[in-house]
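Residues in the sequence shown are numbered consecutively from 734, following the numbering used here.
Cβ coordinates follow ideal geometry from the N, Cα and C atoms, glycine included.
As the structure is a prediction and not an experimental result, all values here were calculated from the model.
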Amino acid sequence: MTMRAEVRPRASMASVLVVDDHPLYSDALAGAISMVYPDAQVVQSGSLRDTLTRLDAGLVPGLVLFDLRLPDVAGISGFVSLRERLGGVPVLIISALASAELVRALMREGAAGYLPKEASAQELRRAIAQVGAGGRYVPPTLAEALEARHDENTEADRALANLTPQQQKIMRLICAGKANKQIAYELSLAEATVKAHITALLNRLGVKNRTQAAVMINNARAQGSGDPETRAYLNG
């Protein structure tokens, strides 16, 4: 599972979106982007809400740098919301939390790369070029940890892998305590369709009801990561 295969930077990049609520760090990211893509328009946003508003208004970035901890969201859920709006636009995650478990979850959810905030300016530029060119990037130390545990999926990973994408979405909402009617509303489905999906996923997981399913997944997640902050980000 190679994360740092060398890729030539794209010759040009029309626009890059930086999502970080700390002005000094956001400016530093913008500066690094300008060194890699001198002609790119760098758009800076300080919250998920503002970012989604800009996207709704027609902003189409070629690359996004996204901080996991924002004023209106903290954790993987913010990235998932953003990714669903972006389609195939690559997202490089920037975070102060360097956990192999978190990085694994982010890459599984579609992140193109991950970089801790303490990374050097040189590594930052390398990651921007790599991800902007369509590659993937994870720092060497984390890449080694991911490689070593690539085949050591948690019970939750294995259970979720047996579900269809729609069932996985429903399972995550069940774990968040959502009722069938709320799930139907959030996923734009008929409540009867949600019930049918739940019946199918319960059979696949080998449990009798949604409570047992939620306990099974949440317990496995908790055992899979002993770091409380990482668990908060995974469940956030």
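Mind checking which residues open and close the beta strand (DSSP E) that includes residue i?
i: Leu796; result: Leu796 to Asp800
i: Pro872; result: Note, Pro872: premise wrong, no beta strand (DSSP E); not H, not E.
i: Leu935; result: From DSSP, Leu935 is part of no beta strand (DSSP E) but of the alpha helix (DSSP H) over Glu924 to Leu938.
Leaving aside the five residues before and after residue i along the sequence, list all residues of the same chain whose C-beta is less than 8 angstroms from its C-beta, in chain order.
i: Ser767; result: Ala773 and Val775
i: Glu856; result: Leu848 and Pro872
i: Glu842; result: Ile809, Phe812, Val813 and Arg816
i: Arg858; result: Ala765, Met768 and Val769
i: Tyr870; result: Met736, Arg737, Leu825, Ala845, Gly846, Tyr847, Leu848, Arg859, Ala860, Gln863 and Val864
Give every residue of the same chain whose Cβ lies closer than 7 angstroms to the Cβ of residue i, excluding the five residues on either side of it in the sequence, and list them in chain order.
i: Asp884; result: The predicted position of Asp884 is uncertain, since its pLDDT is 48 and thus under 50; a value taken from the coordinates is nonetheless stated next. No residues qualify anywhere along the chain.
i: Ala854; result: Ala765
i: Ala738; result: Residue confidence for Ala738 is low, a pLDDT of 45 falling below 50, so the modelled location carries little weight and cannot support an answer.
i: Leu839; result: Ile809, Phe812, Ile826 and Tyr847
i: Ala831; result: Pro849 and Leu875
i: Gln899; result: His930
i: Arg937; result: Asn895 and Leu896
i: Ser780; result: Asp754, Leu803, Pro804 and Asp805
i: Ala933; result: Gln900
Along the chain, where does the alpha helix (DSSP H) that runs through residue i open and close?
i: Pro756; result: Pro756 to Val769
i: Ser810; result: Ile809 to Leu819
i: Val836; result: Ala833 to Arg841
i: Leu920; result: Asn913 to Leu920
Counting only the same chain and skipping the five closest in sequence on each side, list residues whose C-beta sits under 6 angstroms from that of residue i.
i: Ala747; result: Gly795
i: Thr784; result: Val752 and Ser778
i: Glu851; result: none
i: Leu762; result: Val751 and Leu798
i: Ala917; result: Glu924 and Val927
Could you tell me how far apart the beta carbons of residue i and residue j are, in whole angstroms, since I believe they sit closer than 8 angstroms?
i: Ile826; j: Ala844; result: 5 angstroms
i: Leu875; j: Val836; result: 6 angstroms
i: Asp754; j: Leu803; result: 5 angstroms
i: Asp805; j: Arg782; result: 5 angstroms
Can you name the residues that DSSP bridges to residue i?
i: Tyr847; result: Ile826
i: Leu906; result: Looking at the DSSP assignment, Leu906 forms no beta bridge with any residue, so it has no partner.
i: Gln777; result: Val751
i: Leu857; result: DSSP, once it has assigned bridges, lists no residue as partnering Leu857.
i: Leu803; result: Val806
Is there a Cβ from chain B that is less than 7 angstroms from the Cβ of residue i?
i: Leu935; result: Of the protein chains in the structure, only one exists, and it is not chain B.
Discussion item. I want to know whether the stretch 899-916 touches the stretch 924-938 - three or more CB-CB distances under 8 angstroms.
Written reply: yes
Practice prompt. Answer yes if the stretch 892-906 comes into contact with the stretch 936-948, meaning at least three C-beta pairs across the two stretches below 8 angstroms, and no otherwise.
Written response: yes
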